[in-house]
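What follows is a single structure, written as structure tokens, with notes after it.
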Amino acid sequence: MAPRPDHPELPCGRRMHGEAPPQRQPFDRCTYEYRSTAERRGGRCKTLIYAEYLEALVWYEVHDIICLHSIVPHPSDPMQMWVAISAVGTFYSADGGVTWTPRNKGVRAGFLPEQYPETGQCVHKLVRAPDDPGHLYQQNHCGVYRSVDGGASWEEITEGLPSEFGFPMAIHPRDGKTVYVIPLTADHGRCVPDGKVAVWRSNDAGRTWTALRAGLPQQNAYVGVLREAMAVDALDPAGIYFGTSTGQLFGSKDEGDSWALLADFLPPVWSVEVAVVEA
């Protein structure tokens with residue numbers, strides 16, 4: 000598809016300003032794919048969500064908001080999705096992005112006068128369980144949280160972690176109770192605590208946490224890990240990968256039990272993606 004003339008990163012299509020996406024007919028099995036892209040408008044950097052109606056190969060602009068980073072689609076209903084926005088919160092749409100509902104009940108905003116506002120929470124990463132579309136997790140500026148009702152309410156699960164702050168979060172490809180985070184210091188460099196690199200894993204939906212350190216540097220390793228710099232593959236056992244602000248790429252072939260350095264002397268790693276290639 001040719002690039003859109005009014006937005007070089009996106010394929011040709013028509014913009015959607017207040018109109019609904021194509022109506023689904025009975026037994027319609029069409030799906031949507033969502034992507035976001037940042038552009039500068041009037042001196043402000045804004046993020047646009049685009050929904051691709053895959054059968055028509057047309058992109059629709061469905062909303063514009065600030066600092067959006069996580070787009071979590073429902074696995075079977077293409078009209079449902081959740082998004083997470085730094086310093087704004089989590090939102091849910093049941094109509095393909097035409098309307099949105101805040102989903103932040105129970106999430107702290109410790110930097111605001113009101114600790115539990117309707118919006119204003121600083122979500123850093125949002126993920127969904129593979130085996131239950133209503134089971135969500137988030138790494139927040141102010142803790143780690145779990146929801147079992149599609150984000151309508153949240154329960155904090157930070158207890159057991161060395162810091163409530165962090166950016167990345169990943170979930171096991173088959174087990175919705177197994178989740179991974181990398182805690183960071185909040186206000187002093189945003190690096191791993193004490194210069195000891197560890198991925199923290201919970202196998203019980205955040206009730207308890209275990210530090211996974213085998214093979215990771217444990218002395219003077221003051222590295223950071225950004226929100227998109229951790230990924231999980233779909234193999235069995237699952238592989239876990241993360242990149243650092245100082246250019247290292249680490250990987251685990253056994254779901255985090257042990258780690259190896261895969262690459263070094265890279266530029267700062269902003270994002271890690273995984274693809275399984277048949278031999």
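In terms of numbering that gives the first Met the number 0, the sequence shown opens at residue 0 and continues consecutively.
A virtual CB, placed ideally from N, CA and C, is assigned to each residue, including glycine.
All values reported here derive from a predicted model rather than from experimental measurement.
Alpha-carbon spacing of residue i relative to residue j, whole angstroms
| i | j | result |
| --- | --- | --- |
| V156 | P266 | Residue identity differs from the one stated: residue 156 is Ile in this sequence, not Val. Going by the C-alpha atoms only, they are around 33 angstroms apart. |
| E158 | A185 | 16 angstroms |
| W99 | M80 | 10 angstroms |
| G223 | I170 | 20 angstroms |
| F166 | K252 | 22 angstroms |
| D203 | E163 | 18 angstroms |
| H140 | R189 | 11 angstroms |
| S257 | L211 | 7 angstroms |
Under the three-state DSSP convention, the category residue i falls into
| i | result |
| --- | --- |
| G165 | strand |
| G194 | helix |
| N202 | coil |
| E51 | Legend: pLDDT at E51 = 49, less than 50; position of this residue unreliable, no value from coordinates given. |
| N139 | strand |
| G223 | coil |
| E294 | Any property of residue 294 remains undetermined from this structure, which presents the chain solely from 0 to 278. |
| H134 | coil |
| R127 | strand |
| R173 | coil |
| L234 | coil |
For residue i, the residue or residues it bridges with in DSSP
| i | result |
| --- | --- |
| T100 | Y91 |
| Y72 | Note that residue 72 corresponds to Pro in the displayed sequence, not to Tyr. The partner list for P72 (beta bridge, DSSP) reads M80. |
| Q120 | V87 |
Residue range of the beta strand (DSSP E) that includes residue i
| i | result |
| --- | --- |
| V178 | 178-182 |
| V231 | 229-231 |
| S251 | 248-251 |
| T209 | 209-211 |
| L160 | Note, L160: premise wrong, no beta strand (DSSP E); not H, not E. |
| A262 | 259-262 |
| Y240 | 239-242 |
Would you call the region 118-135 in contact with the region 77-97, where contact means no fewer than 3 C-beta pairs closer than 8 angstroms?
Because the criterion of three Cβ pairs below 8 angstroms is met, the region 118-135 and the region 77-97 touch.
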